[in-house]
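What follows is a single structure, written as structure tokens, with notes after it.
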Amino acid sequence: MVIHEDPPDKPTVSQVRLVPVSFEDPEFKSSFNQSFSLYVKYQMAIHQDPPDECGKTEFTRFLCNSPLEAGSLPDGPDCGYGSFHQQYWLDGKIIAVGVIDILPYCVSSVYLYYDPDYSFLSLGVYSALREIAFTRQLHQKSAPLSYYYMGFYIHSCPKMRYKGGYRPSDLLCPETYVWVPIEQCLPSLENSKYCRLNQDPEAVDEGRSKEPDRLRVFHKKAVLPYGVYKKQRKDAGEEATVLQYASLVGQQCSERMLLFRN
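The end of the sequence shown is residue 261 by numbering that gives the first Met the number 0, with every number in the run present.
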């Protein structure tokens, strides 16, 4: 699917193509070798990876095998949901690939690799702007899809600081799980690599696990509330593990997900 194409009167021919990550998709399959070769060139030049760490197996596991199932909704975007490669073509060849996930509420940027010969084009900046524009395009079709996630932000990492240049931007507080404008976060991040971003000292994670006994456990082919399961097991070590899980996923997710115990 071509999602952007330059006017025909330009001296070069450029396109942005959205390709589902699936070996059953003919466009993904036909461009796989070229995309893989570009990945190898990028990893070796930019990250100094040795050739034996850039094989097709590693590439497929890293950027092609996705836990997301492709799907669609009547009021969703025409491309559907799932994992995609956004390919940047110039004069008949791929010069960059942005790996993205399209979800009901957001476009999530996973990874970008590009031809180092075209570093002068600032393809990282350009791809982020194109993904922001693409998110706006999808929002016109599906109103709930209204956010663009750039992944982790590490303030002490120079290669990641560019993410803070797109405004407005928010960072997620690691303690209260609310979004905080990045302008409010930067002074704290200058002083400490890890910090609470929510400035309200009384604020807590509203989604924290309040009733762990309602957590759902999958045990011996049966789904049980944790309150029933723990009476059967009576294992203090087991209880500590389950309560840690509940604190990490929160109340809402703990009632939607199944924790497997054997």
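Even glycine gets a Cβ: it sits at the ideal position worked out from N, Cα and C. Note that the coordinates shown come from a computational prediction; the quantities given were computed from them, not determined experimentally.
- For a cut-off of 8 Å, the C-beta gap from L137 to Y104 is around 11 Å, too long to register as a contact.
- Y193 is classed as exposed because its beta carbon has fewer than 16 other beta carbons within 10 Å across all chains shown.
- Residue environment: L72 is assigned as exposed (fewer than 16 neighbouring CB atoms within 10 Å of its CB, all protein chains considered).
- Residue environment: V12 is assigned as exposed (fewer than 16 neighbouring CB atoms within 10 Å of its CB, all protein chains considered).
- Here S208 is buried. Its C-beta has 16 or more other C-beta atoms within 10 Å.
- Short of 6 Å from the beta carbon of H154, and not among the five residues preceding or following it, lie these beta carbons of its own chain, in chain order: L188.
- Residue pairing by DSSP places R195 opposite no residue, since no beta bridge is assigned to it.
- For the set S191, D204 and G164, the Cα lying nearest the Cα of W178 is the one of D204.
- Judged by their CB atoms, V222 and R260 are not nearer to each other than the 7 Å cut-off.
- Beta-carbon to beta-carbon, Y147 and V96 are separated by about 18 Å, too far to satisfy the 8 Å threshold.
- The Cβ atoms of Y152 and K162 sit closer than 7 Å to each other.
- When secondary structure is reduced to three states using DSSP, Q85 falls in the strand class.
- By the CB criterion at 7 Å, H218 and Y228 fall inside the cutoff.
- Within 10 angstroms of the beta-carbon of F22 lie fewer than 16 other beta-carbons, which makes it exposed.
- With distances taken between CA atoms, E182 lies nearest to N197 out of P173, N197 and S121.
- In the structure shown, K158 falls within a helical segment according to DSSP collapsed to helix, strand and coil.
- Here the alpha carbons of S253 and D212 stand approximately 10 Å from one another.
- Looking from the CA of E130, the closest CA among L258, D116, D100 and S30 belongs to D100.
- Beta-carbon to beta-carbon, A245 and L214 are separated by about 5 Å, close enough to satisfy the 8 Å threshold.
- In this structure, the alpha-carbon of P6 lies about 19 Å from that of L17.
- DSSP places Y38 within a helical segment (H, G or I) once states are collapsed to three.
- Counting every other CB atom within 10 Å of its CB across the protein chains shown gives P76 a total of 16 or more, marking it as buried.
- Within the same chain, A95 and Y113 come within 6 Å of L122 by CB-CB distance, once the 5 residues on both sides are set aside.
- Taking all protein chains in view, the Cβ of L257 is surrounded by fewer than 16 other Cβ atoms within 10 Å, so the residue is classified as exposed.
- At a Cβ-Cβ threshold of 7 Å, S108 and S82 do not count as neighbours.
- Minimum Cα-Cα distance from A202 among the listed residues P173, H46, E237 and P186 corresponds to P173.
- Boundaries of the beta strand (DSSP E) harbouring P19: S13 to P19, taken from the DSSP string.
- Counting C-beta atoms within 10 angstroms of its own C-beta, T134 has 16 or more neighbours from the protein chains shown and is therefore classed as buried.
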